[in-house]
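If you're matching positions, the sequence shown starts at 1 in UniProt numbering and goes up one per residue.
Quick reminder that beta carbons are idealized off the backbone N, C-alpha and C, glycines included.
Remember, it's a predicted structure, so these values are computed and weren't measured experimentally.
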Amino acid sequence: MAEPVRKQKKKTVRRRRPGLLSIVAVLAMFVCLGLFVLALVQIDLLPSHILLTGAVILAVSLLIYVILWFKFARKTAARVICWLVAVALACGFFVGADYLKKTDEVFDNVTNLTDRIANTVSLVSLKKDNIDNVSDLNGKTVGTVPEADPEGIAKGLQELQSKASVSVQDYPDVISCVQALYDGEVQAVLIPDNTRQIIHETDGFFEFQTDSNVLQQTVWYTDRTKSAANDPDSVADITRDPFTVLISGNDSYGSLNENSRSDVNMLLTIDPRTQVVLITSIPRDSYLTMSCKKDETACSPVDDKLTHTGLYGVGTTESTIEDYLGIEINYTVRVNFSSLVNLVDAMGGIDVEIPEGLEVDTFYANGTEGVKAGWNHLEGERALAFARERHAYQDGDNQRIRNQQQVMRALIDKIISPELLFRYPALMDAVSVAFETNMPADQIKSFLRYELLRRPNWQIISYAIAGDPDTQLSGTIGSYVAVTVPRVEMTEAARTLILMTENGDSADEVRSYAEAHSVDAAGSLSVDQQRAERAAGMGETYVPDDQQEDAGYAPVYGTEDDSSEDDVLYEDAGTVPQGNDFSDPEDDAGSFEYTYE
């Protein structure tokens, strides 16, 4: 008798329900995606159609991922991997949203030139004490100067005491506070940034910037007076129309809440159509007629060094250069020593190539290590010294201008490189402290959008106006000072180059013209040629020595090649001081200009 056939039971596969951790990870992933998209909307860097398309693609992709995860990931290892991926995506979206939020805040901060002033107090320690973080100050003493800035010191202490337990020692002035730091009475000092220049200029503390670390910076904003505002002359479309930006570099450390001399005067003329960037540099000591049309209450239209225009606000510097070159400047960017140091350090340093014969053992500007022939990697303080150095070079200020342009090109290369993505937070922190511009935030965003979408191949061309040494009356100081009289033909060449760039000439055309009219191409002018050009530039008459018959004239100046007072430009003898010694006026050398300004 046959045995009955037994029916086999079908195996049922029990689908495991998602665990609590999986559900939390999925929710976090979608919430962080929402925050990321919201941040993209608020910062307004991407066109609406691209933003919407990207958001939909991301959301649908994540939804498909979650469905596949919950349906097919049965083994423990697979579920753990899927969970880790979800957590990683959530973290990535959250960090991205935070980056974008910080970027939006920086846009607001750096475009505050028309209505707000950044104020900063810094917590500083000495490098030799090996205190590199705020937490290293636990149980130690911090020196402060409450009278220097009561509000700022209070804000800085509040931030410090939320991070470390410290004792506080007050001092009557900044110098005694810093002296206590060097003497070991305190391990750090909390000082207003606008006093760091005073420290730098005080005997015994010249190397304070290189001796110290900044552990913490507390920034807050106050309203700017209406007279100090400098409205831009905006172009209609910054992604299509050429525009010119003035970069005014102040000769000070710390924040930019006070006017200071304009040590660097550089024009960036940018044409998005041809992707040409023209860098035009003007010597700081150029003897020009000061223009006060941006703020008639700030100054008087006197003849003076270009650097002195910064004492009356960046608007005065802008209008003086506009009148000098016969151009329109659309926007201004104001920076100082701290800006350059912070920016270079945030980008991980810059690389500059030094030709044979231009090596420097030690920079005079701040005593830091110099540069050797070939490629050199410079961190913030060395980059600053390189951009300021002139005493080590036979060509003096002309070489300094070339150094400044090399630093600018190196920074531009860093900013447009993929490396920026990895240094983004540090860059945002750097520009939020000592960096001001009157370019509206919406135009900055439009230009960044253009950069992100088009990835233009920028062609960078440099031109520097050269001049000849002279001594002239400074309207600011009321005394005779050493100045630079810009060469007439190079002034005209600079104006032509700017107009060529604005008119859409190609990079090759602009570069060829710049090379043909550079100081190297022009060669050395004779003494008579130099004097004749200087006289023409100032609306005066050059009198050769064979015509020096009028006893009513007396010599005013000569050139570096002069060995006597023959063959000079003559003016009324009654207006000229006799027997004065006009020594080298460079302020970082501690001579004439440094003493009287």
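Residue i (DSSP reduced to helix, strand or coil)
| i | result |
| --- | --- |
| V431 | helix |
| A164 | coil |
| S22 | helix |
| S300 | coil |
| E353 | strand |
| L46 | coil |
| G204 | coil |
| D442 | helix |
| T239 | coil |
| T76 | helix |
| D361 | strand |
| V219 | strand |
| N194 | helix |
| G184 | coil |
| D132 | coil |
| G87 | Residue identity check: residue 87 is Val in the sequence provided, not Gly. Three-state DSSP puts V87 in a helix. |
| S61 | helix |
| V142 | strand |
| D263 | strand |
| E292 | The sequence given here places Cys at residue 292; Glu does not occur at that position. Here C292 sits in coil by DSSP. |
| L256 | coil |
| V17 | Checking the sequence shown, residue 17 turns out to be Arg, not Val. Note: R17 maps to coil in three-state DSSP. |
| K29 | First, the residue type needs correcting, since residue 29 is Met and not Lys in the sequence shown. M29: helix per DSSP, three-state reduction. |
| N366 | coil |
| D323 | helix |
| T103 | helix |
| P150 | helix |
| L525 | Any reading at L525 must be qualified, since the residue scores a pLDDT of 46, below 50, and its modelled position is unreliable; no value is offered. |
| R454 | helix |
| S339 | helix |
| E159 | helix |
Residues that DSSP places opposite residue i in a beta bridge
| i | result |
| --- | --- |
| Y287 | K305 |
| R334 | S248 and E436 |
| I279 | L268 and S462 |
| V124 | V189 and V214 |
| Y171 | According to DSSP, which records beta bridges pairwise, Y171 is partnered with nothing at all. |
| N119 | W220 |
| V66 | In DSSP, V66 forms no bridge with anything. |
Nearest to residue i (by Cα), restricted to the options the options
| i | options | result |
| --- | --- | --- |
| P283 | Y463, L27 and R240 | Y463 |
| T195 | S212, V121, Q216 and G143 | V121 |
| V360 | A493, S281, R388 and I415 | R388 |
| V189 | G204, C82, D129 and D237 | D129 |
| E474 | A482, E436 and D468 | According to the sequence provided, residue 474 is Ser. The question's Glu does not apply to it. Checking every option, the nearest Cα to that of S474 belongs to A482. |
| L45 | N259, L448 and C299 | L448 |
| V214 | E436, A430, I415 and A148 | A430 |
| G156 | I175, A180 and V124 | V124 |
| V277 | D508, D104 and K140 | D508 |
| H517 | G478, P18 and M490 | M490 |
| D193 | V166, G184 and I153 | I153 |
| C82 | S260, T144, S22 and K140 | S22 |
| E451 | I477, P47 and N119 | P47 |
| M29 | L40, R79, F93 and F72 | F93 |
| Q312 | R17, E419, K305 and C299 | Just to set this straight, residue 312 is Tyr in the shown sequence, not Gln. Looking at the Cα atoms, C299 is the closest of the given residues. |
Segments of 3+ residues assigned as beta strand (DSSP E) that fall wholly inside the stretch 456 to 516
459 to 464, 467 to 473 and 480 to 486
Pick out the complete beta strand (DSSP E) segments inside the stretch 369 to 420, 3 residues or longer, and give them in chain order.
369 to 371 and 374 to 378
Between the stretch 336 to 347 and the stretch 504 to 515, do at least 3 Cβ pairs fall closer than 8 Å?
No, because fewer than three Cβ pairs between the stretch 336 to 347 and the stretch 504 to 515 fall closer than 8 Å, the two stretches do not touch.
Below 8 Å, how does it come out for the stretch 238 to 255 and the stretch 266 to 275: are there three or more Cβ pairs, yes or no?
Flag = yes, the stretch 238 to 255 and the stretch 266 to 275 touch.
Across the stretch 23 to 41 and the stretch 96 to 107, are there enough close Cβ pairs to call them in contact, namely three or more that are closer than 8 Å?
yes
For the stretch 276 to 291 and the stretch 322 to 335, state whether three or more C-beta atom pairs, one from each stretch, are separated by less than 8 Å.
yes
Between the stretch 451 to 461 and the stretch 408 to 422, do three or more beta carbon pairs fall short of 8 Å?
When Cβ pairs closer than 8 Å are counted between the two stretches, the stretch 451 to 461 is seen to touch the stretch 408 to 422, the count reaching three or more.
Give a yes or no on contact between the stretch 78 to 96 and the stretch 43 to 56, applying the rule of three or more CB pairs nearer than 8 Å.
no
Segment contact, 8 Å Cβ cut-off, at least three pairs: the stretch 350 to 359 with the stretch 211 to 223:
no
Does the stretch 442 to 450 touch the stretch 363 to 379, meaning 3 or more C-beta pairs lie closer than 8 Å?
no
Would you check if the stretch 56 to 72 and the stretch 385 to 404 touch, i.e. whether three or more CB-CB distances between them fall below 8 Å?
no
Is there contact between the stretch 393 to 404 and the stretch 327 to 335, where contact requires at least three CB pairs shorter than 8 Å?
These segments do not touch.
Would the stretch 196 to 210 and the stretch 143 to 151 be scored as touching if the rule is three or more Cβ pairs under 8 Å?
no
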